[in-house]
Amino acid sequence: MRNLPLGIGSVLCMAMAATAVVGALWTPYDPLHPETEAAYAPPSASHPFGTDWFGRDVLSRVLAASPVGMRIAAAGVFMGSTAGALLGILSALSGGLLGEVLGGVLNGVLSFPPLLLALLLATVFGPGEISVVLAVGLFNVPYFGRIIRGEFLKLKDREFVEAARACGAGTLRIILVHLLPNALGPFLVQLTSSFGFALLSEAALSYLGLGTQPPSPSWGRMLKEAQTYIALAPWTAIFPGLALVLTVLGFNLLGDGLQYRLDPRFRYRGS
Numbered sequence: 360m361r362n363l364p365l366g367i368g369s370v371l372c373m374a375m376a377a378t379a380v381v382g383a384l385w386t387p388y389d390p391l392h393p394e395t396e397a398a399y400a401p402p403s404a405s406h407p408f409g410t411d412w413f414g415r416d417v418l419s420r421v422l423a424a425s426p427v428g429m430r431i432a433a434a435g436v437f438m439g440s441t442a443g444a445l446l447g448i449l450s451a452l453s454g455g456l457l458g459e460v461l462g463g464v465l466n467g468v469l470s471f472p473p474l475l476l477a478l479l480l481a482t483v484f485g486p487g488e489i490s491v492v493l494a495v496g497l498f499n500v501p502y503f504g505r506i507i508r509g510e511f512l513k514l515k516d517r518e519f520v521e522a523a524r525a526c527g528a529g530t531l532r533i534i535l536v537h538l539l540p541n542a543l544g545p546f547l548v549q550l551t552s553s554f555g556f557a558l559l560s561e562a563a564l565s566y567l568g569l570g571t572q573p574p575s576p577s578w579g580r581m582l583k584e585a586q587t588y589i590a591l592a593p594w595t596a597i598f599p600g601l602a603l604v605l606t607v608l609g610f611n612l613l614g615d616g617l618q619y620r621l622d623p624r625f626r627y628r629g630s
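Residue 360 is where the sequence shown starts when you use the working numbering, and the numbers rise one by one after that.
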């Protein structure tokens, strides 16, 4: 297979998406219900991923945490990509001082540490999913804004755009029909990469106590709780960590594969 990252990434992403759907609809056990008599049970036929210190089934908690992480990542990336695209379009097409100011704002936000942003939002809104969604969304705005701005600046004076203008096409039609479709490739690559980073950010913030709050399961929270008992019950850290790694790896490989597929410069370099 010439584009191996795209194939592997697609399979991993579909598998983890299916896991999220299953986790939202069904789990073998109640992921929140403790059974202290079954605490620290190693992986077995009845508990394939073992149990934790409260006797909760780790497989059920990994499954239940999957849609939580996916939901937060999807909401944050949607917010960041939409706001970033709008700012990028406005910056590229407005020109003059306004365009330069917007471009400078997009570049300036990139220098703001995402963890500090999350801490500020957690202070204002309190720890929880809303703070994580806002942090992920705001952090992604400049990335999508820079991509759309750069693509629009390259495309807006091309012959096919001038021809559409000469035929009486309005600004909105030019954006939707001629500019956005031609900027879609880099946008999709960033979208997949940002989704993987958003999942990792949600896990990191939950690990620090700023994200998903108990009793809701989260891969990052599970890793945080498992560190105390990792010598006694290593499976409580291995399986949520593996789920996180495979999901992030899948989206990163998908992004690399899409870049190779959609960008002729990478196809030429790989040939």
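Here a beta-carbon is modelled for each residue, glycine too, at the ideal position from N, C-alpha and C.
Three-state secondary structure (DSSP) at Ala523?
As a working note, residue 523 is residue 164 in the sequence shown. In the structure shown, Ala523 adopts helical secondary structure according to DSSP, grouped into three states.
Which of helix, strand or coil does DSSP assign to Asp416?
Your numbering for residue 416 matches position 57 in the sequence shown. Correct three-state label for Asp416: strand.
For the structure I just gave you, are there three or more beta carbon pairs, one from the segment 505 to 518 and one from the segment 588 to 598, closer than 8 Å?
Contact fails: fewer than three Cβ-Cβ distances are below 8 Å.
Does the Cβ of Leu363 have 16 or more other Cβ atoms within 10 Å, making it buried, or fewer, making it exposed?
Position 4 of the sequence shown, counting from 1, holds the residue named residue 363. Result: exposed.
Reduced DSSP category for Thr571 - H, G, I as helix; E, B as strand; rest coil
Within the sequence shown, the letter at position 212 stands for residue 571. In the displayed model, Thr571 falls within coil according to three-state DSSP, outside both helix and strand.
Distance between beta carbons of Val520 and Ile533, contact taken as under 8 Å
Walking along the sequence shown from the start, residue 533 turns up at place 174. Walking along the sequence shown from the start, residue 520 turns up at place 161. Going by Cβ atoms, the distance from Ile533 to Val520 rounds to 6 Å, so yes, they are a contact pair.
Go through its chain and collect everything with a Cβ distance to Asp615's Cβ below 6 Å, but skip five positions before and after it.
Indexing the sequence shown from 1 puts residue 615 at position 256. Excluding positions up to five away in sequence, the list reads Pro364.
Rounded separation between Tyr566 and Gly485 - CA only
Within the sequence shown, the letter at position 207 stands for residue 566. Within the sequence shown, the letter at position 126 stands for residue 485. Approximately 15 Å, taken between the alpha carbons.
Inter-residue spacing [alpha-carbon to alpha-carbon] between Gly435 and Leu475
As a working mapping, residue 435 is identified with position 76 in the sequence shown. As a working mapping, residue 475 is identified with position 116 in the sequence shown. Looking at the two C-alpha atoms, the distance is approximately 17 Å.
Inter-residue Cα distance where the pair is Leu469 and Ala397:
Taking the sequence shown and counting its residues from 1, the one referred to as residue 469 is at position 110. Taking the sequence shown and counting its residues from 1, the one referred to as residue 397 is at position 38. In a straight line, the C-alpha of Leu469 is about 48 Å away from that of Ala397.
Should Cys372 go down as buried or exposed, given a rule of 16 or more other Cβ atoms within 10 Å for buried?
Reading the sequence shown from its first residue, position 13 is the one you call residue 372. Residue burial is scored here from C-beta neighbours: Cys372 has at least 16 other C-beta atoms within 10 angstroms and is therefore classed as buried.
Can you tell me which residues form a DSSP beta bridge with Thr386?
As a first step, residue 386 must be located in the sequence shown, where it is residue number 27. Thr386 is not bridged to any residue.
Which residue marks the beginning of the alpha helix (DSSP H) containing Glu394, and which one marks its end?
For the purposes of this step, residue 394 is taken as the residue at position 35 of the sequence shown. Counted as a single uninterrupted DSSP element, the stretch harbouring Glu394 is not any alpha helix (DSSP H), since DSSP gives it neither H nor E.
Can you say whether His392 is buried or exposed, counting buried as having 16 or more other CB atoms within 10 angstroms of its CB?
Here residue 392 is taken as the residue at index 33 of the sequence shown, counted from 1. Result: exposed.
May I ask you to list the residues that DSSP assigns as paired with Thr410?
Here the question's residue 410 lines up with position 51 in the sequence shown. Per DSSP, Asp416.
Using three-state DSSP, classify Ile507 as helix, strand or coil.
Residue 507 sits at position 148 when you count from the first residue of the sequence shown. Of the three classes helix, strand and coil, the one that applies to Ile507 here is helix, per DSSP.
Taking the C-alpha atoms as reference points, what is the distance between Pro599 and Trp578?
Residue numbering aside, residue 599 sits at position 240 when the sequence shown is read from its first letter. Residue numbering aside, residue 578 sits at position 219 when the sequence shown is read from its first letter. One Cα belongs to Pro599, the other to Trp578, and the distance between them is close to 5 Å.
Run of the alpha helix (DSSP H) containing Pro593, from where it starts to where it stops:
Taking the first residue of the sequence shown as position 1, residue 593 is located at position 234. Looking at the DSSP string, Pro593 is not in any alpha helix (DSSP H), and its letter there is neither H nor E.
At least 3 beta-carbon pairs within less than 8 Å: the segment 541 to 557 vs the segment 377 to 384
Result no; under three Cβ-Cβ pairs closer than 8 Å.
DSSP-derived helix/strand/coil call for Lys583:
For the purposes of this step, residue 583 is taken as residue 224 along the sequence shown, with counting starting at 1. In the structure shown, Lys583 sits in a helix (DSSP, three-state: H, G or I).
Candidates Arg420, Thr386, Ile506, Glu518: which alpha carbon is nearest Ile597's?
Taking the first residue of the sequence shown as 1, we reach residue 597 at position 238. Nearest option by C-alpha distance: Arg420.
Which residue comes first and which comes last in the alpha helix (DSSP H) that contains Ser565?
As a position in the sequence shown, residue 565 is number 206, starting the count at 1. Per DSSP, Ser565 belongs to the alpha helix (DSSP H) from 539 to 566.
Beta-carbon proximity check, Ala477 vs Ala494, cutoff 8 Å:
Position 118 of the sequence shown, counted from the first residue, corresponds to residue 477. Position 135 of the sequence shown, counted from the first residue, corresponds to residue 494. Taking 8 Å as the Cβ cut-off, Ala477 and Ala494 qualify as a contacting pair.
Given a cut-off of 8 Å on the beta-carbon distance, is the pair Thr390 and Ala432 in contact?
As a first step, residue 390 must be located in the sequence shown, where it is residue number 31. As a first step, residue 432 must be located in the sequence shown, where it is residue number 73. The sequence as given places Pro at residue 390; Thr does not occur at that position. No. Outside cutoff.
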